[in-house]
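Numbering (this note's numbering), first residue to last: 39 to 453.
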């Protein structure tokens, strides 16, 4: 049963939404802040390029594990405590990374940050679904999910200047850690458990069988895995790809910044329009298909066309990503939404580490990024195919359920 009636979306709901947006922003802000100062970190910690790659691979794996744990805890303990604890660990890990002088300690605190990220992540969709009626969940989801690309954009654009202002990469990471801690404090002060959810917060610890057997949920998880793989390749490797095709460092950086802005715009628009139209699958088909066409154009078009293609790709990859936060609420009852979101985000977040690793491997084996681009096209088409397997869960779809029958969808009993 959804704990929010259609008539309720008051001022306090917006305070919760603001808190969730700040937590989402702090996640990617802390995750991607080492990127702009990566070479300085490598030199300062006297480590290799291979080892420094663990800064991004390790969080993906740890976040995957703890997203599942965080989702189960959200259903049994409550979103305020679990996301609050996750936010504190996230900020603390980010802060302590800026105090390290050796790589092993840096990696340890990176792991602490990733634990916090994983615990907090699946609580955000549950909190928003708990405080907003279904008619406005799409719009609210678009706002808080926009915090992810906004955090990545701030990390990419501001960290270098922050390092100069604070005396180096350590000062920059400490500063972002303090920002994340302050946002976690806002969450703990502002957020309460949704009304009507007190009876379901006292559930047992463990993944419900109806959620674990929910086939459409695993399809959503697989789709998000493929999509985050594409995203990680584009964010991590496109600057190098563009440089190999003749772009200067400044041009490559500017093009990737435009990519991020388009990404941020789309993650707001897609959930909002999806909610208004009452449809899910057409958005996945349209945006994943655009990814495939856009990367194909990047393969065959002259390098100068990247100025047009990259904003398109930034928007295209954001569509299926935003759906990964919306669809679990369509497929399970609210009492199991934390666990369902945990499954989807646990599987999906592995794509961040897998995609960047695969791109590097293909580049080494083939000697160019063309094989990587072909892999992105195939991956985007796979997302299109997976969307055909999903039922249409929007309110206009055949499989849409009222709040009293959503448990049937959790067991995939709809025919």
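Think of the CB as a built atom: it goes at the ideal place given N, C-alpha and C, for glycine as much as any other residue.
This structure is a prediction, so every number in the text was calculated from the model and none was measured.
Take residue 344, set aside five residues on each side of it, and the residues of its chain with a beta-carbon closer than 8 Å to its own are 280, 283, 285, 293 and 336, in chain order. For the options 62, 321 and 361, the alpha carbon positioned closest to that of residue 386 is the one of 361. The stretch 155-228 is shown to contain whole alpha helix (DSSP H) runs of 4 or more residues at 161-169, 172-183, 185-204 and 207-228, in chain order. Within its own chain, the residues whose Cβ lies closer than 6 Å to the Cβ of residue 53, once the five positions on either side in sequence are excluded, are 228, listed in chain order. Separation of the CB atoms of residue 421 and residue 349 is rounded to 20 Å, and the pair is thereby denied contact status at 8 Å.
With contacts defined as CB atoms closer than 9 Å, residue 190 and residue 392 fail to qualify as a contacting pair. The C-beta distance from residue 384 to residue 111 rounds to 13 Å, too long to fall under 8 Å, and the pair is not in contact.
Membership of residue 50 in the alpha helix (DSSP H) is indicated by the continuous run 49-70. Assigned with DSSP and collapsed to three states, residue 140 falls in coil, not helix or strand.
The residues 432 and 434, in chain order, have a CB closer than 8 Å to that of residue 315 in the same chain once the five nearest residues on each side in sequence are set aside.
Uninterrupted beta strand (DSSP E) stretches at least 3 residues long and entirely within the stretch 353-422 do not occur.
Measuring C-alpha to C-alpha distances from residue 332 to each of 351, 322, 324 and 338 identifies 351 as the nearest. For residue 68, the closest of 325, 50 and 221 by C-alpha to C-alpha distance is 221. Boundaries for residue 433: no alpha helix (DSSP H) harbours it, and the DSSP string shows neither H nor E there. CA-CA distance, residue 267 to residue 224, rounds to 32 Å. Classified as exposed, residue 253 has fewer than 16 neighbouring CB atoms from the shown chains inside 10 Å of its CB.
Inter-segment contact for the stretch 126-141 and the stretch 171-190 is absent: fewer than three beta-carbon pairs are separated by less than 8 Å. From the listed residues 128, 157 and 146, the smallest Cα separation to residue 109 is found for 157. Only exposed fits residue 399, as fewer than 16 other CB atoms lie within 10 angstroms of its CB.
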